[in-house]
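The block underneath contains the structure these notes are about, expressed in structure tokens.
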Amino acid sequence: MLVLGIETSCDECSAAVVEDGRRILSNVVATQIYYHKPYDGVVPEIASRKHTEWIVPVVRSALSKAGVQAADLGGVAVTGRPGLLGSLLVGLSYAKGLSYSLGIPLISVDHIKAHLYAPLLEYELDYPYLGLLVSGGHTVICVVEGFDTVEVLGTTIDDACGEAFDKVAKHYQLGYPGGVVIDRLSKEGNPRAYRFPQPSLHKGDHRFDVSYSGLKTAVINQIDQFWDGASEKSPENIAASFQKAAIDMITSRLRKALSDTGIKALAAGGGVAANSYLRSELFRIGEEMGIEPAIPSMPLCTDNGAMIAGLGYHYLQRGDRDGLDAVASARVPVFNRKYL
Ligand code: KG4
Ligand code: ZN
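For the sequence shown, this note's numbering gives the first residue as 41, with consecutive numbering after it.
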């Protein structure tokens, strides 16, 4: 079955055609970075306006790159939650119109589950696997038991990992998008120039949680306290030291989660999974554990329609359908539930 996936939850306008939940025939991503750069962050009103302008050409391009007609589609999947409400509504409304006019089923999917599904588009992975989602809005360490069954082990108690990258970059005016710039600067910096503290949350049920507010305060307001006293106080050294602290916080939890659960498979997703230091650390964990980590290629780490189409296929196969009354939702109550 060919499924069209539509993703407009934030600042990427994307559409993709995926066959049987696995084979990507096209994955078109139109990024709005240029329009948000002057503000050093995503401006919701600009994002939804651009989606409105771009959604038709992006979908047309996805169909033509895949070499298929709209009539060949067996269903349309769209991100329904979480995200910027105005942006979500553009994709959802468009998907409803398409589903109605073509007479094909519609399914609205969860963006977090879609990021956790993305590794399956490139790797052979059996459930359960340990999943890491690190993006601008979410930080989740979980056991992915099935495409729709995700047990949360740990999450952030304050800022998301990508959000911390973006805020540090914004404070030091390093450039936009923050995560990408910090990753690039870090390659020229000394990660030990500043020794930032790690939060101590290693207790009971919360031992897999992370927290970025302390690290953010340390980097932004108290940076001299953590200086090694010798290295240059350069943007490269700040970036490398912050990146090391932010990523080490994640990988220490992952090691613990792998050993506590005994799970022998690890997969990552979300924009921060594009980070080169995180990727090399995940491969190191893989070597330690004798497993191959499933880390998607860059276009499948950041927001994309292929992960929506891939995940949507499984709901459609199960017989799930959404109607024209489907609603978009800005949030999901991740923090209060054991299961997503
Ligand atoms: O998954 P995504 O595209 O959108 C959300 O669902 O949030 O993730 C965007 C986030 C931003 O915070 C961005 O700064 C971060 O991913 N990011 C990175 C890198 N590339 C993108 N963070 C660290 N290193 C990178 N190379
Ligand atoms: Zn995302």
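Quick reminder that beta carbons are idealized off the backbone N, C-alpha and C, glycines included.
- In this structure the stretch 130-138 does not touch the stretch 281-292; the number of beta carbon pairs closer than 8 Å is below three.
- Here the C-alpha atom of Val208 lies approximately 31 Å from the C-alpha atom of Thr92.
- Put simply, the backbone Cα of Glu85 is about 14 Å away from that of Ala370.
- With respect to Val118, Ala106 sits apart: the two C-beta atoms are not nearer than 7 Å.
- Straight through space, the alpha carbons of Tyr167 and Leu255 are spaced by roughly 34 Å.
- Taking the Cα of Glu47 as reference, the smallest distance to any Cα among Leu364, His354, Asp360 and Leu340 is reached at Leu340.
- Note on Val96: under 16 other CB atoms within 10 angstroms of its CB, so exposed under the neighbour-count rule.
- Within the same chain, Cβ atoms closer than 6 Å to the Cβ of Val99 are found at Ala55, the five residues on either side in sequence being excluded.
- Near the ligand ZN, residues with a Cβ at less than 5 Å from any of the ligand's heavy atoms are Ser175 and Asp343; the list follows chain order.
- Relative to the ligand KG4, Phe323 has its C-beta separated by 6 Å or more from all heavy atoms.
- Looking at the DSSP output, Thr71 bridges to Glu52.
- Remark: the shortest separation between the CB of Ala314 and any heavy atom of the ligand KG4 falls under 6 Å.
- When only Cα atoms are considered, Gly345 and Thr195 end up about 25 Å apart.
- One Cα belongs to Tyr216, the other to Ala313, and the distance between them is close to 17 Å.
- For Tyr169, the uninterrupted beta strand (DSSP E) segment begins and ends at Tyr169 to Val174.
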